[in-house]
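First the structure, in the form of structure tokens, and then the observations on it.
Protein chains: 4
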Amino acid sequence: MATRFYGLVSTREPVTSWGRWGADDELGAMNQVAAEQVLAGLAEAVTGRVVSLATPIRNNQGFGLVGRRPAAHYMVRSGADYAAGLPERAGFGYADDVIAMPTQGATHVDALAHVWRDHTMYNGFSAREVTGRGARRLGIDKMPPLVTRGVVVDASAHREPVRAERLQQLLHAQDVRLRPGDALLVRTGWLAAALRGDADGTRWPGLHPDCGDLLAGAGITLIGADNPGVEAFPSPDPACQVPLHVQLLRDHGIYFSELMALDELCAARRPTFLFVLAPLPLVGAVGSPVSPVAVL
Amino acid sequence: MATRFYGLVSTREPVTSWGRWGADDELGAMNQVAAEQVLAGLAEAVTGRVVSLATPIRNNQGFGLVGRRPAAHYMVRSGADYAAGLPERAGFGYADDVIAMPTQGATHVDALAHVWRDHTMYNGFSAREVTGRGARRLGIDKMPPLVTRGVVVDASAHREPVRAERLQQLLHAQDVRLRPGDALLVRTGWLAAALRGDADGTRWPGLHPDCGDLLAGAGITLIGADNPGVEAFPSPDPACQVPLHVQLLRDHGIYFSELMALDELCAARRPTFLFVLAPLPLVGAVGSPVSPVAVL
Amino acid sequence: MATRFYGLVSTREPVTSWGRWGADDELGAMNQVAAEQVLAGLAEAVTGRVVSLATPIRNNQGFGLVGRRPAAHYMVRSGADYAAGLPERAGFGYADDVIAMPTQGATHVDALAHVWRDHTMYNGFSAREVTGRGARRLGIDKMPPLVTRGVVVDASAHREPVRAERLQQLLHAQDVRLRPGDALLVRTGWLAAALRGDADGTRWPGLHPDCGDLLAGAGITLIGADNPGVEAFPSPDPACQVPLHVQLLRDHGIYFSELMALDELCAARRPTFLFVLAPLPLVGAVGSPVSPVAVL
Amino acid sequence: MATRFYGLVSTREPVTSWGRWGADDELGAMNQVAAEQVLAGLAEAVTGRVVSLATPIRNNQGFGLVGRRPAAHYMVRSGADYAAGLPERAGFGYADDVIAMPTQGATHVDALAHVWRDHTMYNGFSAREVTGRGARRLGIDKMPPLVTRGVVVDASAHREPVRAERLQQLLHAQDVRLRPGDALLVRTGWLAAALRGDADGTRWPGLHPDCGDLLAGAGITLIGADNPGVEAFPSPDPACQVPLHVQLLRDHGIYFSELMALDELCAARRPTFLFVLAPLPLVGAVGSPVSPVAVL
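Protein chains in written order, with numbering that gives the first Met the number 0: chain L, 0 to 295; chain X, 0 to 295; chain Z, 0 to 295; chain G, 0 to 295.
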């Protein structure tokens, strides 16, 4: 049980995927998804039912995480202006608006530039590549759309951090075995509680750090959850508060998607499905709001 | 050829889809997409090649359309702060950022609340439902993810507005016949020119108003293009500058997606494909930036 | 008729200043300040001590009033970027930044377009002059800089709304009589409590509605306070929650300045002083952050 | 060494004010303004005429300098919403709004943290004090309101950079001699041209670098102009594009105010006056929009 790197006792050397896909690689675990994995994902969609995995974004409402501000939605022109006397010109009226929000303020995906350790990001890129002008390396614009097999587990019955052993049980109970390129989604119940006004923004259930080896070893491309960080917080790891981000995102280029809406998906009781997640190509950004889709 | 509404001579009554899916319907042509259409779309994806249809969003660069501002990307924390002395705490460093942009400033989808005529929107809802606080009706949060068959035509050889007859020819040449629920994408070449600094923000090629009957009749769910408005601008219609928005979006609840990146898709020479477009669920917004995906 | 001060019993006709300075007047009580009042204000500055009346504006900290968001301060370039490797070019380095905030989010002045009743603003202008594009009439850009005599009273000992009689006593105790063109500032203690995290954003001490006749009659130009609304909230007036805004700002064109920092000024025990308040000339805005100054 | 003013031949050692007012001083040349200077400034106001020195801030209009974005003004609530059916509740209606802008996008004052050289700011503070979280040192919140004597010269007849000798002539012609604590304003005509759409955002008239010794020697507190940088740009100094910022702001803690509206002031033909400039206390910001006032 004496587990891995990150300050916990370990006699093993850290293992990373750096260099595996070339010294200049900025795709990370997206390299695990070739046409074969896309087709395998498509094969999971058998009923044609489409489920959104994105939580609504409301003006002036947020989750108060890491000091992130709620989204601001401004109408620049609206029907009200016409009601106040603006004439419809050229045969029509219209409304227009603006959105301002943290890239990680609602359902989102982290860029590989989001988290680092020892000033070093995935594949050895320096954190100095990320400045006030954005990320020159590993920004979210480097992540292509992800179309692959999705796998979901419902761990919301557990208040304790979900250990690797428990995660395996949940998968086995559904007769699912992780494959390279998979997107694994974990429901913790946090988002539903938060939307009920019933959750704590400073602690949440999620994965235990000992899931790292399992997930890295399986070769998944994305890990997602309905909580703010996928992994449990505060972390049981005394040396690092986000050990899975360090092990999976930084060491192996695995993508994290957080604040996902997983209730409807879990209610459908279909452990595997087609998963589609495409970030906005925000050049130099370290995350993107996303609207992921499951097709059952 | 004496066509419809829009001030052009017509002896026919305007035809709309209002009430067709219920007096309270806010889905519009999304109603054309049931499991059957989703599965038909999935069946188009045979090679597993994934193509992004979203154009990069760059800080401080925009298209200057309708006075829309360029996107603003602000770093809230970055590797530079650590370079300046901020210690990595709790075992990691991280970057965080904010994006502010018009919902229609890059590749986007219009909400059905975006355009109206005679103060009336799709399905008879009053434009007064759209105020400074957002759209209570027909906001983009009412649009579910769209998973359907995509069809693309390349009309970039034409400088003149693309008439219905020409559009039919382009489809026939590819042996494609439009079906209810389709997403039809039209490449005009405008976006590529704009990104080269070579386009005019006050006029662009696109569909001729006489395509309206064809597209409404075919029952498509979405019409997209790589220009700012799908339809040609200025419009040949003397009475309305956006006659297709009025006929298709307002009268029939058909969605518009604009500023799409269609060059790579057209280069692939696959006229039909799986099309996935999921708006951010921005509550009350009249559009959303999107990152649509084609799977060939 | 017979309904002057807002639900309180009255047999008098409403009295307003509408038309007093012309049908097109947008200056309101600024008309009370001519060279004579400016010079009288200057004469109050005898020691040369300068006191700021503005409260600090901090990133991500606000008062949560009327749903107003805290200010957002974004660095666009900083010394950290240079620490991360950006070279000083052309012989220097520099930092640049952006501020986004409600115009009334910190110490501010209300435009005369901020509040109305019966869809009618000061001087009879329709509230329809204020649309999603801003205020065509009575915007803060119409308010010139105010240089005049300031008068301050400390009412922080009172938890009850400050009635006219009490306000008179406070003035008399300092041997001050209000004059046309004065800026009257009232300390309630609310801001100091709020900055200590000790105040309620839904109720605050302030002036009682019965001060309206006194202040309108005196011909003051501006009324300010260290609370969010000058007048007590909730209001004792059952018919209107902001009766003094209606009577003074809307009926008489008197300016309101709120969230002022008055502690140092009151501690100086100088009841009259030179007062300078200049809004940012934000075209069409309904308020402006300000940095008012007292010179003792 | 021996390179005082920035590339121009000099055999003198650089002279700075660092340490003059203490090792921790963040006020810079504000130290030159004591009660005596305030009272001398007040004595200049003899007619009671008030002149605003701030240029209007308009939504979506800017000067395009250093990539700075135009201001964005968003209405959050307006009279139009009421016209569309929102009832006046509790006896009143109101409008509310938000402003987002570069701190240096219109008439503004630079913080001493705005410019540095060799990674070192005024008084020896490291530029690393300015990070993505703002300026811990020398931010604009450290600048108190400035009330002092103002002096204006009209150099708009000159297309060449204004040399020290010419500046002296302009002052002498008005019988004015600079004194410690003065605010010296220089009209170049650039702003008026820019507002006419007639100016170049990449070059402007202004002070020649050889004015540095004169101004530093005079002990002025603030130098202002109606151009984007006070000093001429591009600079005649081959080694530095902003030599006066380096010599005056960084070496001597003298404040710069730019994009000032000086036309009305110059037309008044009063070379000296009371000058009041108070930054918004934006904590950690490197500049602030201001609304300076002259009282003649």
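Just so it is clear, CB atoms sit at the ideal spot from N, CA and C, and this is done for glycine as well.
Report task. Give the C-beta separation of Leu177(G) and Ile219(G) to the nearest angstrom, bearing in mind that I take them to be a contact with Cβ-Cβ under 8 Å. Result -> Within the fourth sequence, residue 177(G) is the residue found at index 178, counting from 1. Within the fourth sequence, residue 219(G) is the residue found at index 220, counting from 1. Contact holds; Cβ gap of about 6 Å.
**Report entry** Residue-level contact to chain L via CB, Ala44(G), 9 Å cutoff
**Finding:** Numbered from 1 along the fourth sequence, position 45 holds the residue referred to as residue 44(G). Contacts with chain L at 9 Å (Cβ-Cβ) do not include Ala44(G).
Query - Option in Val152(G), Arg202(G) and Val289(G) with minimal Cα separation from Phe232(G) - result: Taking the first residue of the fourth sequence as 1, we reach residue 232(G) at position 233. When only C-alpha atoms are compared, the closest one is Arg202(G).
Requested in this report: Please say whether Asp95(X) and Val285(L) have beta carbons closer to each other than 9 Å?
Outcome: For the purposes of this step, residue 285(L) is identified with residue 286 of the first sequence, where counting begins at 1. For the purposes of this step, residue 95(X) is identified with residue 96 of the second sequence, where counting begins at 1. Result yes, Cβ atoms of Val285(L) and Asp95(X) sit closer than 9 Å.
Query raised in the report: Of all the CB atoms in chain Z, is at least one closer than 9 Å to the CB of Tyr93(X)?
Result: As a working mapping, residue 93(X) is identified with position 94 in the second sequence. It does not; no Cβ of chain Z falls within 9 Å.
**Report entry** 9 Å Cβ cutoff, Glu25(X) in contact with chain L
**Finding:** Translated into positions along the second sequence, residue 25(X) becomes position 26. For Glu25(X), the answer is no, since every Cβ of chain L falls outside 9 Å of its Cβ.
Query raised in the report: Roughly how many angstroms separate the alpha carbons of Leu190(Z) and Met259(Z), rounded to a whole number?
Result: Along the third sequence, read from residue 1 onward, the residue named residue 190(Z) stands at position 191. Along the third sequence, read from residue 1 onward, the residue named residue 259(Z) stands at position 260. Answer to the nearest angstrom: the Cα atoms are 8 Å apart.
Query raised in the report: Who are the Cβ neighbours of Arg48(X) in its own chain at under 8 Å, not counting the five residues just before and after it?
Result: If you number the second sequence from 1, residue 48(X) lands on position 49. Here the set comprises Ala267, Val294 and Leu295.
Query - Partners in chain L for Thr102(X), counting only beta-carbon separations shorter than 9 Å - result: Here the question's residue 102(X) lines up with position 103 in the second sequence. What Thr102(X) touches in chain L: His72, Asp95, Asp96, Val97 and Ile98.
Query raised in the report: Going along chain Z in order, which residues have a C-beta closer than 8 Å to the C-beta of Asp80(L)?
Result: On the first sequence, position 81 is the one that residue 80(L) refers to. Chain Z residues near Asp80(L): Thr130, Gly131 and Arg132.
Query raised in the report: Residue range of the beta strand (DSSP E) that Ala257(Z) falls in?
Result: Position 258 of the third sequence, counted from the start, is the residue given in the question as residue 257(Z). Strictly speaking, residue 257(Z) in this sequence is Glu, with Ala absent from that position. Per DSSP, Glu257(Z) belongs to the beta strand (DSSP E) from Tyr254 to Glu257.
Query - Neighbouring residues, chain X, relative to Asp140(L) (Cβ below 7 Å) - result: The sequence position of residue 140(L) within the first sequence is 141, counting from 1. Ordered by position in chain X, the residues that pass the 7 Å Cβ test against Asp140(L) are Pro55.
Requested in this report: For my contact list, Ala105(L) and Ile56(L) are in at a C-beta cut-off of 8 Å; report their separation, rounded to the angstrom.
Outcome: The residue labelled residue 105(L) in the question sits at position 106 within the first sequence. The residue labelled residue 56(L) in the question sits at position 57 within the first sequence. Rounded to the nearest angstrom, the Cβ distance from Ala105(L) to Ile56(L) is 5 Å, consistent with a contact under 8 Å.
Query - Within chain L, the residues that Ala83(G) reaches when beta carbons sit closer than 7 Å - result: Taking the first residue of the fourth sequence as position 1, residue 83(G) is located at position 84. Chain L residues near Ala83(G): Gly78, Ala79 and Ala82.
Report task. Compare the C-beta of Arg116(L) against all C-beta atoms of chain X and say whether one is closer than 9 Å. Result -> Locating residue 116(L) in the first sequence gives position 117, counting from the first residue. Using a Cβ-Cβ cut-off of 9 Å, Arg116(L) counts as an interface residue toward chain X, since at least one Cβ of chain X sits closer than that to its own.
Query raised in the report: How would you label Asp174(L), buried or exposed, when you count the other beta carbons within 10 angstroms and need 16 or more for buried?
Result: Start at 1 with the first residue of the first sequence, and residue 174(L) comes out as number 175. Note on Asp174(L): under 16 other CB atoms within 10 angstroms of its CB, so exposed under the neighbour-count rule.
Query - Complete beta strand (DSSP E) runs within the region 68-122 of chain G (minimum length 3 residues, chain order) - result: If only uninterrupted beta strand (DSSP E) runs of at least 3 residues are considered, those enclosed by the region 68-122 of chain G are 71-76, 95-101 and 107-109.
Query raised in the report: Helix or strand or just coil, what does DSSP make of Trp189(G)?
Result: Residue mapping note: residue 189(G) aligns to position 190 of the fourth sequence, counting from 1. Helix at Trp189(G).
Query raised in the report: Do the region 139-155 of chain L and the region 29-38 of chain L touch if we need at least three Cβ pairs shorter than 8 Å?
Result: Counting Cβ pairs under 8 Å, three or more are found: they touch.
Query raised in the report: Nearest to Arg162(G) by alpha carbon, out of Leu194(G), Pro204(G), Pro179(G) and Phe274(G)?
Result: Taking the first residue of the fourth sequence as 1, we reach residue 162(G) at position 163. Among Leu194(G), Pro204(G), Pro179(G) and Phe274(G), the Cα nearest to that of Arg162(G) belongs to Pro204(G).
Query raised in the report: Looking at C-alpha atoms only, which residue of Arg136(Z), Glu164(Z) and Arg76(Z) is the closest neighbour of Gly133(G)?
Result: Within the fourth sequence, residue 133(G) is the residue found at index 134, counting from 1. Here the closest residue by C-alpha is Arg76(Z).
Query raised in the report: Under 7 Å Cβ-Cβ, which residues of chain L neighbour Cys239(X)?
Result: As a position in the second sequence, residue 239(X) is number 240, starting the count at 1. Correct list: Ala89, Gly90 and Phe91.
**Report entry** Within the region 146-179 of chain Z, ranges of the beta strand (DSSP E) (whole runs, at least 3 residues)
**Finding:** With a minimum length of 3 residues, no continuous beta strand (DSSP E) run stays inside the region 146-179 of chain Z.
Query raised in the report: What is the rounded straight-line gap between the Cα of His59(G) and the Cα of Pro69(X)?
Result: The sequence position of residue 59(G) within the fourth sequence is 60, counting from 1. The sequence position of residue 69(X) within the second sequence is 70, counting from 1. Looking at the sequence provided, one finds Asn at residue 59(G) rather than His. Between Asn59(G) and Pro69(X), the C-alpha separation is close to 11 Å.
Report task. Quick one: measure Cβ to Cβ for Thr102(X) and Ser287(X), integer angstroms, because I've assumed they're closer than 8 Å. Result -> Against the second sequence, residue 102(X) aligns to sequence position 103. Against the second sequence, residue 287(X) aligns to sequence position 288. Going by Cβ atoms, the distance from Thr102(X) to Ser287(X) rounds to 5 Å, so yes, they are a contact pair.
Query raised in the report: According to DSSP, is Gly27(Z) helix, strand or coil?
Result: Reading the third sequence from its first residue, position 28 is the one you call residue 27(Z). Taken through DSSP and simplified to helix, strand or coil, Gly27(Z) comes out as helix.
Report task. Give a yes or no on whether the C-beta atoms belonging to Leu320(L) and Leu213(L) are separated by under 9 Å. Result -> Limits of chain L in this structure are 0 at one end and 295 at the other, which puts residue 320(L) out of reach.
**Report entry** First and last residue of the uninterrupted alpha helix (DSSP H) at Ala266(G)
**Finding:** On the fourth sequence, residue 266(G) is found 267 positions in, with the first residue counted as 1. It spans Asp262 to Ala266 - the alpha helix (DSSP H) in which Ala266(G) sits, taken as one unbroken run.
Query raised in the report: Buried or exposed: which applies to Pro86(L), given that a residue is buried once 16 or more other Cβ atoms fall within 10 Å of its Cβ?
Result: If you number the first sequence from 1, residue 86(L) lands on position 87. The residue in question, Pro86(L), is exposed, as its Cβ has fewer than 16 Cβ neighbours within 10 Å.
Query raised in the report: For Val14(Z), does the count of other Cβ atoms within 10 angstroms reach 16, so buried, or fall short, so exposed?
Result: The residue given as residue 14(Z) occupies position 15 in the third sequence. Label assigned to Val14(Z): exposed.
Query raised in the report: If you compare alpha carbons, which of His244(L), Asn30(L), Gly123(L) and Ala110(L) is closest to Ile139(L)?
Result: Position 140 of the first sequence, counted from the start, is the residue given in the question as residue 139(L). A check of alpha carbon separations from Ile139(L) across His244(L), Asn30(L), Gly123(L) and Ala110(L) identifies Ala110(L) as the nearest.
Query raised in the report: Using the C-alpha atoms, what's the distance from Gly188(L) back to Asn226(L)?
Result: Here residue 226(L) refers to the residue found at position 227 when the first sequence is read from its first residue. Here residue 188(L) refers to the residue found at position 189 when the first sequence is read from its first residue. Between Asn226(L) and Gly188(L), the alpha-carbon positions lie close to 8 Å from each other.
Query - Spatial distance of Trp17(L) from Asp209(L) (CA atoms) - result: Within the first sequence, residue 17(L) is the residue found at index 18, counting from 1. Within the first sequence, residue 209(L) is the residue found at index 210, counting from 1. The alpha-carbon of Trp17(L) is positioned some 21 Å away from that of Asp209(L).
Query raised in the report: Hey, Val108(X) and Phe255(X): beta-carbon distance below 9 Å or not?
Result: As a working mapping, residue 108(X) is identified with position 109 in the second sequence. As a working mapping, residue 255(X) is identified with position 256 in the second sequence. Yes, they are a contact pair.
Query raised in the report: Given that Glu35(X) touches chain L, what residues does it touch there, using C-beta distances under 9 Å?
Result: Working through the second sequence from its first residue, we reach residue 35(X) at position 36. Under the 9 Å cutoff, chain L gives Gly47.
Query raised in the report: What does a CB cutoff of less than 7 Å around Ser125(X) pick up in its chain, not counting 5 residues either side in sequence?
Result: Numbered from its first residue, the second sequence carries residue 125(X) at position 126. So the list reads His118 and Thr119, once near-sequence residues are dropped.
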